[in-house]
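Chains as they are written, first to last, in the numbering used here: chain V, 1439 to 1552; chain S, 158 to 272.
Quick reminder that beta carbons are idealized off the backbone N, C-alpha and C, glycines included.
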Amino acid sequence: KNQVEQSPQSLIILEGKNCTLQCNYTVSPFSNLRWYKQDTGRGPVSLTIMTFSENTKSNGRYTATLDADTKQSSLHITASQLSDSASYICVVIGYGGSQGNLIFGKGTKLSVKP
Amino acid sequence: NAGVTQTPKFQVLKTGQSMTLQCAQDMNHEYMSWYRQDPGMGLRLIHYSVGAGITDQGEVPNGYNVSRSTTEDFPLRLLSAAPSQTSVYFCASSFGQAAVRAAQYFGPGTRLLVL
Chain V
1439 KNQVEQSPQS LIILEGKNCT LQCNYTVSPF SNLRWYKQDT GRGPVSLTIM
1489 TFSENTKSNG RYTATLDADT KQSSLHITAS QLSDSASYIC VVIGYGGSQG
1539 NLIFGKGTKL SVKP
Chain S
158 NAGVTQTPKF QVLKTGQSMT LQCAQDMNHE YMSWYRQDPG MGLRLIHYSV
208 GAGITDQGEV PNGYNVSRST TEDFPLRLLS AAPSQTSVYF CASSFGQAAV
258 RAAQYFGPGT RLLVL
């Protein structure tokens, strides 16, 4: 069964600290993996999109890594800011159907405290 | 560009009532989708469309209808609301298929409460 598991479920860090969020998946065949940021009461916003041939993708202070062999991805946030408080969702896209097979993780809720 | 817009932002319905959630995009995207987001669960696909006049079912289509008469609009209809349909609904659009790396753009969501 295609699944996406994210850990931890929630995380509290102090402003200025770094953190890493994890995403493990079993989706096959695999097309690409995305990380989204979802602020409370808003829709998800794309941070990165990676195919199996890309190991690292950065977007400002956000860096995503992908190991297609172990089917693991991580999102590293550097020098966290209060505005980073949000849910981070990992989405794995498989081939199939007329728009692809999108499997969403449940998300990691990050709280950045001053 | 307004991007993806959704109306209303919040709605309260009584069991058995019907309503339409509106979604519009001004990016000339072919692909549009409706998702629901429930606490403790990932987003789940309700219906999607790959172009005007073409729609298909997603993971949780029961109780919902869609149509796509124009590229811009993709309304979601609840035929007879049930408490199990209490959720946050997101509309998304993309230029191409997600399997070929097309970025998805999400609307701000509609919070629906069914009493």
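The CB of glutamine 261 of chain S comes closer than 9 Å to the CB of Arg1472, Tyr1474, Pro1482, Ser1484, Val1529, Leu1540 in chain V, given here in chain order. Note that the C-beta distance between glycine 1532 of chain V and proline 1482 of chain V is not below 8 Å. Alanine 238 of chain S counts as buried, since no fewer than 16 other beta carbons sit within 10 angstroms of its beta carbon. In this structure threonine 1546 of chain V touches proline 1446 of chain V by the C-beta definition: roughly 6 Å separates them, less than 8 Å.
Neighbours of alanine 255 of chain S across chain V, judged by C-beta separation under 9 Å: Ser1469, Asn1470, Arg1472, Val1529, Ile1531, Gln1537, Gly1538, Asn1539, Leu1540. Collapsing the DSSP output to three states places glutamine 1519 of chain V in coil.
Looking only at V:Met1488, V:Thr1516, V:Gly1479, V:Gln1519, the smallest Cα-Cα distance to glutamine 1510 of chain V is reached by V:Met1488. In this structure, tyrosine 1526 of chain V places its C-beta atom within 8 Å of the C-beta atom of leucine 1459 of chain V. Going by beta carbons, threonine 212 of chain S and serine 224 of chain S fall inside the 8 Å limit. Between valine 1530 of chain V and leucine 1471 of chain V, the C-beta gap is smaller than 8 Å, which places the two residues in contact.
Following the DSSP letters along the chain, one finds serine 175 of chain S in no beta strand (DSSP E), marked with neither H nor E.
Across the structure, leucine 1449 of chain V and arginine 1499 of chain V are spaced so that their CA atoms are roughly 18 Å apart. Excluding its 5 nearest sequence neighbours in each direction, lysine 166 of chain S has C-beta neighbours in its own chain below 8 Å: Pro265, Gly266, Thr267, Arg268, listed in chain order.
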